[in-house]
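These notes are about the structure you will find just below.
Protein chains: 6
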Amino acid sequence: MARDDGRSPDQLRPVTITRDWLTHAEGSVLVEFGGTRVLCAASVQDSVPRWRRGSGLGWITAEYAMLPRSTNTRSDRESVRGKIGGRTHEISRLIGRSLRACVDYKALGENSVVLDCDVLQADGGTRTAAITGAYVALADAIAWMRKRKMCPGDPLVNSVAAVSVGIVGATPLLDLCYTEDVAAETDMNVVMTGSGEFVEVQGTAEGIPFDRSTLDSLLDLAAAGCAELTVRQREALS
Amino acid sequence: MARDDGRSPDQLRPVTITRDWLTHAEGSVLVEFGGTRVLCAASVQDSVPRWRRGSGLGWITAEYAMLPRSTNTRSDRESVRGKIGGRTHEISRLIGRSLRACVDYKALGENSVVLDCDVLQADGGTRTAAITGAYVALADAIAWMRKRKMCPGDPLVNSVAAVSVGIVGATPLLDLCYTEDVAAETDMNVVMTGSGEFVEVQGTAEGIPFDRSTLDSLLDLAAAGCAELTVRQREALS
Amino acid sequence: MARDDGRSPDQLRPVTITRDWLTHAEGSVLVEFGGTRVLCAASVQDSVPRWRRGSGLGWITAEYAMLPRSTNTRSDRESVRGKIGGRTHEISRLIGRSLRACVDYKALGENSVVLDCDVLQADGGTRTAAITGAYVALADAIAWMRKRKMCPGDPLVNSVAAVSVGIVGATPLLDLCYTEDVAAETDMNVVMTGSGEFVEVQGTAEGIPFDRSTLDSLLDLAAAGCAELTVRQREALS
Amino acid sequence: MARDDGRSPDQLRPVTITRDWLTHAEGSVLVEFGGTRVLCAASVQDSVPRWRRGSGLGWITAEYAMLPRSTNTRSDRESVRGKIGGRTHEISRLIGRSLRACVDYKALGENSVVLDCDVLQADGGTRTAAITGAYVALADAIAWMRKRKMCPGDPLVNSVAAVSVGIVGATPLLDLCYTEDVAAETDMNVVMTGSGEFVEVQGTAEGIPFDRSTLDSLLDLAAAGCAELTVRQREALS
Amino acid sequence: MARDDGRSPDQLRPVTITRDWLTHAEGSVLVEFGGTRVLCAASVQDSVPRWRRGSGLGWITAEYAMLPRSTNTRSDRESVRGKIGGRTHEISRLIGRSLRACVDYKALGENSVVLDCDVLQADGGTRTAAITGAYVALADAIAWMRKRKMCPGDPLVNSVAAVSVGIVGATPLLDLCYTEDVAAETDMNVVMTGSGEFVEVQGTAEGIPFDRSTLDSLLDLAAAGCAELTVRQREALS
Amino acid sequence: MARDDGRSPDQLRPVTITRDWLTHAEGSVLVEFGGTRVLCAASVQDSVPRWRRGSGLGWITAEYAMLPRSTNTRSDRESVRGKIGGRTHEISRLIGRSLRACVDYKALGENSVVLDCDVLQADGGTRTAAITGAYVALADAIAWMRKRKMCPGDPLVNSVAAVSVGIVGATPLLDLCYTEDVAAETDMNVVMTGSGEFVEVQGTAEGIPFDRSTLDSLLDLAAAGCAELTVRQREALS
């Protein structure tokens with residue numbers, strides 16, 4: 001099966017990671033996976049949420065949102081509707097959990113980093129691009145903190161990257177663009193550490209349930225994709 | 001490792017599925033996984049959401065909620081806070097997707113079924129108990145519709161059941177109760193069809209990322225658990 | 001006039017009071033007035049609302065809600081609509097006021113009890129069943145506190161029970177079921193103490209205003225009904 | 001017991017009913033019960049709520065609110081808090097039910113009247129003043145409609161007035177001002193028709209439950225008070 | 001061009017400023033600009049918002065709202081809609097900024113005054129009437145505070161008044177009533193101090209952009225109008 | 001007085017207008033005024049709001065928002081807080097009004113354009129940059145519509161641009177950056193057409209009221225700045 005953009009099934013879209021895209025944020029990255037463009041800003045706070053005070057431990061949290069015209073047709077703003085939708089909640093929570101997997105709270109001390117991931121343009125894989133970019137913004141924010149001696153140790157114990165995989169017309173594909181995502185029978189988002197372990201696996205049958213061998217082939221594809229993204233992150237940070 | 005309640009690692013808690021627990025609902029089930037108790041009500045509507053009108057296709061949706069004192073300490077009501085939390089959103093969406101996997105929309109015709117899953121008492125695995133019970137309530141609701149000749153065909157093309165699995169102290173365990181869930185390094189919820197295929201796989205590293213062989217052992221455990229729950233569902237419905 | 005369920009005009013529906021229906025709550029009761037089924041959970045908190053701190057006095061509050069499919073046709077969740085309706089507010093306030101009538105705040109000390117009354121199934125008289133059941137849950141919660149020596153004295157100075165009465169087709173009826181409630185010209189909810197005094201009298205003309213003698217006959221009927229419910233509460237607690 | 005303002009126990013405060021206080025509304029009244037001042041505006045709409053369309057019947061509804069500084073200390077606006085409190089809901093519903101008792105929906109035709117009762121200054125009895133004033137505004141609005149031949153018949157079949165009564169220091173008092181209301185052991189709001197029948201009776205024990213003879217004496221007092229208010233309404237309208 | 005009410009282009013509507021319209025508020029004014037009637041209540045608080053604590057400086061804030069039937073057709077309440085509209089926000093902010101221009105925060109000490117401006121009846125110019133009246137209420141509230149020696153100095157360093165001006169049919173008009181406001185090509189609200197300086201200038205082209213000479217003529221007209229309103233304020237306060 | 005960035009008092013910051021920054025939107029511009037960076041997306045809709053249907057006229061509306069870390073310290077998202085703040089409302093309304101000044105609704109036909117102005121980075125003048133950039137995005141969207149023959153005529157009858165001016169340390173300055181904005185005694189935003197007329201003039205005394213000659217000098221400065229921005233817009237569009 002030929003992909004619309006000529007990629008092979010196991011090929012990522014062009015990935016660009018632009019650091020320091022913003023002036024104010026302690027870490028900021030414009031990450032692009034093909035036409036998907038996410039602005040990731042890391043904000044350092046020298047405090048933690050109330051429930052964590054006095055623990056000596058830090059905290060990492062994330063918020064995801066899409067600009068109204070990041071998509072093909074305009075969506076209403078969640079601020080105008082007065083509430084956050086289920087999908088937004090779900091992805092914000094996923095990004096937060098994913099990034100917490102690479103951080104040592106004790107070494108962070110009682111500091112927080114908030115990762116704002118705002119989708120400027122969407123073409124599939126916005127959550128995986130967000131995680132991949134937010135890691136780089138987080139690394140920069142932590143470097144910023146360490147330069148100021150805010151942390152008792154080195155909080156960054158690993159890296160994380162994420163990619164989507166799916167079955168389209170019986171073929172397992174890596175890094176789905178929007179039209180592939182819509183056509184996929186099965187859709188999976190996989191978050192992995194730089195050392196090749198799983199942080200999060202979320203697979204959903206869209207219509208047709210999938211068997212174990214399909215699941216295995218998707219996991220293989222995702223592992224290779226995450227490994228490649230880990231290389232890109234390292235290059236960007238070096 | 002001995003479990004608190006004496007179960008073997010691959011053993012489900014006692015499962016009870018009580019049909020027709022409510023008088024008004026077209027299908028209703030009180031499902032119990034040990035101390036977890038979820039009331040699942042299926043409400044039939046002879047219409048579909050606006051975006052689906054005129055398509056000839058039906059729709060299945062779900063809402064999950066916890067009573068304030070279903071848990072060990074009382075939580076505020078989401079109605080009082082004026083908004084639904086991220087976790088509630090996420091689980092409602094998961095239940096809806098899971099049940100849609102066993103339904104043929106065309107055979108359902110332009111009808112909807114809403115599955116309300118209200119947790120009366122929580123002891124871990126509320127979302128998997130909800131899915132497992134809601135399937136039975138859905139089956140009853142669809143039987144109710146077919147008796148009234150509301151559906152052009154038989155919409156129930158499969159069954160779905162769900163179970164949690166996790167790694168606690170290096171041991172893979174089936175059907176975690178609350179204390180195990182809190183202690184788990186890795187936590188996975190797996191939804192499968194009665195014919196043994198995956199509908200949803202959601203695995204999360206709580207703290208320590210997991211490798212492929214751990215993932216494999218958890219999937220094995222979950223597959224066996226779902227198969228057993230499928231048997232319980234069939235017994236309840238016969 | 002024959003009632004649908006064969007009761008005499010001054011007869012209660014079958015009343016069931018099941019204590020300890022929940023594991024976690026300090027007091028919990030499943031109360032049934034015929035087909036009406038309300039789960040009452042009493043949650044103890046060793047603090048009081050901000051405006052009462054430092055007073056040495058305790059507090060009792062209540063929240064009432066209906067599950068979406070407790071009724072004949074499904075209602076939207078108030079959490080989904082993002083706000084609590086007027087009827088819910090009104091009943092929550094009524095339950096709280098009613099239960100505060102049997103409590104000595106000073107003997108309670110600076111502790112609170114929250115009564116959650118969730119209607120699992122509705123067939124008329126949900127608020128009066130809730131008050132009657134919540135009293136028993138409160139008594140259990142207070143016993144729980146006294147065992148732990150949390151209270152400076154015995155806070156339970158009386159009992160409260162409640163019943164609905166109404167005029168249907170010119171006949172005064174006790175404990176209206178849903179179809180009677182809908183048909184009633186006048187509808188009254190009466191809350192009384194175990195010693196036979198009034199805590200709350202709420203009578204409403206639905207359509208036709210009522211005269212003093214009608215009011216008197218309804219109050220007589222309600223007083224007898226509350227006396228009988230008081231006996232059931234004592235039996236349940238003994 | 002001497003009352004602060006020198007009234008006898010069965011005496012109303014000075015009552016003023018000023019019609020046409022507003023230019024735009026079809027009926028408008030500034031009603032004063034002593035220091036309590038409520039602006040009642042009746043707005044005619046030539047339609048009914050969705051659930052009543054096609055029935056040939058009209059509808060009456062009411063909204064009650066207090067200006068932030070109508071009270072001794074400033075309260076936050078409900079619009080700023082983003083939600084309506086339980087008390088506001090309860091009183092709005094009470095006013096609507098009370099006024100519906102004097103209207104023939106069929107004679108009204110498919111028209112609505114909205115009664116806005118805004119408390120400009122509060123000194124006890126705001127809800128009873130609101131009902132008493134809103135009736136006059138409603139009568140004016142109905143006259144306005146009849147002049148324009150909007151109604152198939154005469155919708156005004158009765159009048160309604162309301163007054164508060166309560167036990168303060170063992171004495172039953174009519175028409176409580178704020179300091180009396182706060183001191184009352186028992187507080188009752190009674191709504192009656194011009195022909196002397198009850199529309200709504202709401203009695204609450206604040207602290208000490210009350211017996212039947214107390215209830216009877218309060219009802220006597222309220223009946224006399226409502227009769228007097230009915231005279232004032234007739235005078236205002238003539 | 002003749003104005004509907006016979007005024008000359010540079011003539012204000014009849015202005016009435018009634019002090020002490022409310023009993024509870026520390027300062028209160030019913031201000032009327034023709035048919036526009038705004039109730040302004042000043043509430044003193046012996047504290048400041050959190051962000052200002054410990055600064056030794058006071059604060060002035062304002063809230064504007066319209067009663068639902070202050071206008072020709074009834075509007076929904078913002079409390080019922082659950083949110084404050086853009087226009088309300090904008091005007092509340094304008095009133096607050098305007099009044100802060102005449103106050104010395106240091107002389108006020110760590111006290112606040114909240115100005116509630118509720119439009120009882122609207123006929124154009126509600127925001128300018130509100131500012132003009134709120135100044136008088138503020139002056140009374142500050143006098144109240146000074147009598148109680150709450151302020152370290154005299155916080156009232158100037159006065160403020162406001163008026164609307166606009167171009168209707170090519171003629172610059174002062175103090176537009178509603179029908180003129182709707183017909184205006186250009187609409188400007190001007191807030192000035194008693195000493196003749198500008199606090200706020202807000203001009204908007206409704207339809208046709210305006211040139212510099214038009215702007216100049218409007219500013220002249222507004223300056224004269226504000227000067228006249230300043231006289232009225234002084235008369236009211238003397 | 002030397003400005004921090006070396007500009008003369010009447011000099012704009014470097015202005016960049018990048019068209020087609022987004023793929024999906026019918027018009028899109030990344031506009032930069034120095035460090036201020038606003039993404040303006042124009043979305044075409046072939047319908048108008050309900051209140052305008054059947055009129056044959058089109059509509060233009062705008063929404064403004066800031067990314068949480070566009071500013072020096074992170075702000076909470078309005079979607080998370082569940083409501084839109086007063087400042088956001090005010091600016092959204094200003095942008096909409098400004099752009100409507102250059103459009104002929106009749107020539108637009110019953111179509112709408114929504115202008116989303118999202119501040120990616122803020123350094124003063126975000127609203128004026130937004131208006132200036134949104135005009136270019138609107139021009140592109142209208143060209144897109146005209147190519148598809150959606151409009152009965154040419155709706156673009158003029159251009160609009162906006163700039164801020166202010167008094168800092170007694171000197172009138174053009175196009176204030178954030179530090180200047182904070183230091184300004186008087187702050188004015190001026191929106192003008194390409195033909196040199198005023199669309200909106202909003203001047204506010206921050207602290208010290210200003211006199212007529214100050215106002216005049218600020219208007220002169222703004223007129224020159226808008227003229228220069230008009231040239232930049234024309235260059236960008238050619």
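Chains as they are written, first to last, in UniProt numbering: chain A, 1 to 238; chain B, 1 to 238; chain C, 1 to 238; chain D, 1 to 238; chain E, 1 to 238; chain F, 1 to 238. Ideal Cβ placement from N, Cα and C applies to all residues, glycine included.
Quiz item: Within this structure, are the beta carbons of D:Cys226 and D:Val136 separated by less than 8 Å?
Solution: Residue numbering aside, residue 226 of chain D sits at position 226 when the fourth sequence is read from its first letter. Residue numbering aside, residue 136 of chain D sits at position 136 when the fourth sequence is read from its first letter. No.
Quiz item: Going by C-alpha distance, which of A:Asp116, A:Gly169, A:Asn158 and A:Ile95 is nearest A:Thr214?
Solution: Position 214 of the first sequence, counted from the start, is the residue given in the question as residue 214 of chain A. Closest option to A:Thr214, judged by alpha-carbon separation, among A:Asp116, A:Gly169, A:Asn158 and A:Ile95: A:Gly169.
Quiz item: Looking at the C-beta of F:Lys106, does it have a partner C-beta in chain E at a distance below 8 Å?
Solution: Taking the first residue of the sixth sequence as 1, we reach residue 106 of chain F at position 106. Chain E contact via Cβ: absent.
Exercise. Report the residue ranges of all beta strand (DSSP E) runs contained in full by the UniProt domain "Exoribonuclease phosphorolytic" (11-141) of chain E; include only those spanning at least 3 residues, in chain order.
Key: 15-19, 27-33, 36-45, 59-66 and 112-121
Self-check item: Strand pairing of D:Val160, partner residues [DSSP]
Solution: Here residue 160 of chain D refers to the residue found at position 160 when the fourth sequence is read from its first residue. Paired residue(s): D:Thr193.
Self-check item: Sub-8 Å separation of B:Val44 and B:Met188 beta-carbons
Solution: Along the second sequence, read from residue 1 onward, the residue named residue 44 of chain B stands at position 44. Along the second sequence, read from residue 1 onward, the residue named residue 188 of chain B stands at position 188. Not closer than 8 Å, so no.
Quiz item: So is C:Gln202 in contact with chain D if we call contact Cβ pairs under 8 Å?
Solution: Within the third sequence, residue 202 of chain C is the residue found at index 202, counting from 1. Output row for C:Gln202: interface = yes.
Quiz item: Can you name, in chain order, every residue of its own chain whose Cβ lies under 7 Å from the Cβ of D:Gly125, other than the five neighbours on each side?
Solution: Mapped onto the fourth sequence, residue 125 of chain D falls at position 125. Here the set comprises Phe33, Thr36, Ser164, Asp175 and Leu176.
Quiz item: For E:Gly86, which residues in chain F fall below 9 Å Cβ to Cβ?
Solution: Sequence index remark: in the fifth sequence, residue 86 of chain E carries index 86 (1-based). Here the neighbours are Ile84, Gly86, Thr88, His89, Glu90, Ser92 and Arg93.
Self-check item: Beta carbon proximity, D:Phe198 to chain C, threshold 8 Å
Solution: Taking the first residue of the fourth sequence as position 1, residue 198 of chain D is located at position 198. Closer than 8 Å to the CB of D:Phe198 there is at least one CB belonging to chain C.
Quiz item: Just to confirm, are A:Ala62 and A:Gly96 a CB contact at a threshold of 8 Å?
Solution: Locating residue 62 of chain A in the first sequence gives position 62, where the first residue counts as 1. Locating residue 96 of chain A in the first sequence gives position 96, where the first residue counts as 1. Yes. Within cutoff.
Quiz item: In the DSSP assignment, what are the bridge partners of D:Met188?
Solution: Your numbering for residue 188 of chain D matches position 188 in the fourth sequence. According to DSSP, which records beta bridges pairwise, D:Met188 is partnered with D:Val165 and D:Gly203.
Quiz item: Helix, strand or coil: how does DSSP classify E:Leu176 here?
Solution: Against the fifth sequence, residue 176 of chain E aligns to sequence position 176. In the structure shown, the three-state DSSP call for E:Leu176 is coil.
Quiz item: Once you ignore the five residues that flank D:Ala222 on each side, which residues in its own chain have a CB closer than 6 Å to its CB?
Solution: For the purposes of this step, residue 222 of chain D is identified with residue 222 of the fourth sequence, where counting begins at 1. Val163, Val165 and Val190.
Quiz item: Hey, would you say B:Leu115 sits closer than 8 Å to B:Ala42, going by beta carbons?
Solution: As a first step, residue 115 of chain B is located in the second sequence; it is residue number 115 there, counting from the start. As a first step, residue 42 of chain B is located in the second sequence; it is residue number 42 there, counting from the start. Yes.
Quiz item: If you check the beta carbons only, do F:Trp51 and F:Ser112 fall under 8 Å apart?
Solution: As a working mapping, residue 51 of chain F is identified with position 51 in the sixth sequence. As a working mapping, residue 112 of chain F is identified with position 112 in the sixth sequence. No; because the gap between Cβ atoms is not below 8 Å, this pair is not in contact.
Quiz item: Three or more beta-carbon pairs under 8 Å between the stretch 24-33 of chain A and the stretch 72-79 of chain A, yes or no?
Solution: no
Quiz item: Span of the alpha helix (DSSP H) holding E:Asp154?
Solution: By 1-based counting over the fifth sequence, the position of residue 154 of chain E is 154. Counting along the chain, E:Asp154 falls outside any alpha helix (DSSP H), and DSSP gives it neither H nor E.
Practice problem: Determine whether the Cβ of D:Pro120 lies closer than 8 Å to any Cβ atom of chain E. | Solution: Locating residue 120 of chain D in the fourth sequence gives position 120, counting from the first residue. First, the residue type needs correcting, since residue 120 of chain D is Leu and not Pro in the sequence shown. It does: the Cβ of D:Leu120 has a partner Cβ on chain E nearer than 8 Å.
Quiz prompt | Whole-angstrom distance between E:Glu185 and E:Asp5, CA atom to CA atom | solution = By 1-based counting over the fifth sequence, the position of residue 5 of chain E is 5. By 1-based counting over the fifth sequence, the position of residue 185 of chain E is 185. Going from the Cα of E:Asp5 to the Cα of E:Glu185 covers about 20 Å.
Quiz prompt | Interface positions of the stretch 20-39 of chain A facing chain B (Cβ-Cβ less than 8 Å), listed along the chain | solution = Hits within the stretch: zero.
Quiz item: Taking Cβ positions only, does C:Thr126 come closer than 8 Å to chain D?
Solution: Stepping through the third sequence from its first residue, residue 126 of chain C is reached at position 126. Not an interface residue.
Quiz item: Nearest to D:Asp123 by CA position, among D:Thr73, D:Ala25 and D:Thr230, is which residue?
Solution: Sequence index remark: in the fourth sequence, residue 123 of chain D carries index 123 (1-based). Closest option to D:Asp123, Cα to Cα, is D:Thr73.
Exercise. Give the range of the alpha helix (DSSP H) segment to which A:Gly225 is assigned.
Key: By one-based count along the first sequence, residue 225 of chain A stands at place 225. That run of the alpha helix (DSSP H) goes Arg212 to Leu237.
Quiz item: Beta-carbon separation of B:Arg93 and A:Gly86 under 8 Å?
Solution: If you number the second sequence from 1, residue 93 of chain B lands on position 93. If you number the first sequence from 1, residue 86 of chain A lands on position 86. It is a contact, given that the beta carbons lie within the stated cut-off.
Quiz item: Roughly how many angstroms separate the alpha carbons of C:Gln202 and D:Ser98, rounded to a whole number?
Solution: By 1-based counting over the third sequence, the position of residue 202 of chain C is 202. By 1-based counting over the fourth sequence, the position of residue 98 of chain D is 98. Taking the straight line joining both Cα atoms gives about 13 Å.
Exercise. Within its chain, find whatever has a CB closer than 8 Å to the CB of B:Asp181; leave out the 5 residues flanking it on each side and keep chain order.
Key: Translated into the one-based positions of the second sequence, residue 181 of chain B becomes position 181. The residues are Gly124, Gly125, Ser164, Gly166 and Asp187.
Quiz item: Is any beta-carbon of chain B found at less than 8 Å from that of C:Val165?
Solution: As a position in the third sequence, residue 165 of chain C is number 165, starting the count at 1. Chain B, which has no Cβ nearer than 8 Å to the Cβ of C:Val165, makes this no.
Quiz prompt | Of the residues A:Arg7, A:Cys40, A:Gln11 and A:Pro9, the one placed nearest A:Asp20, counting alpha carbons only | solution = Reading the first sequence from its first residue, position 20 is the one you call residue 20 of chain A. The shortest C-alpha separation from A:Asp20 is found at A:Cys40.
Practice problem: Kindly say whether D:Leu173, judged by its beta-carbon, lies nearer than 8 Å to any beta-carbon of chain I. | Solution: Absent here is chain I; the protein component of the structure consists of chains A, B, C, D, E and F.
Quiz item: Hey, would you say A:Arg127 sits closer than 8 Å to F:His24, going by beta carbons?
Solution: Translated into positions along the first sequence, residue 127 of chain A becomes position 127. Translated into positions along the sixth sequence, residue 24 of chain F becomes position 24. Inclusion of A:Arg127 and F:His24 in the CB contact set at 8 Å is not warranted, their separation being larger than that value.
Quiz item: With distances taken between CB atoms, is the gap from C:Val15 to C:Arg232 smaller than 8 Å?
Solution: Here residue 15 of chain C is taken as the residue at index 15 of the third sequence, counted from 1. Here residue 232 of chain C is taken as the residue at index 232 of the third sequence, counted from 1. In contact: C:Val15 and C:Arg232 (Cβ atoms closer than 8 Å).
Quiz item: Quick one: does D:Arg76 have its CB under 8 Å from some CB of chain C?
Solution: The sequence position of residue 76 of chain D within the fourth sequence is 76, counting from 1. Note on identity: in this sequence residue 76 of chain D is Asp, with Arg being the wrong assignment. With 8 Å as the cut-off, D:Asp76 does not count as an interface residue toward chain C.
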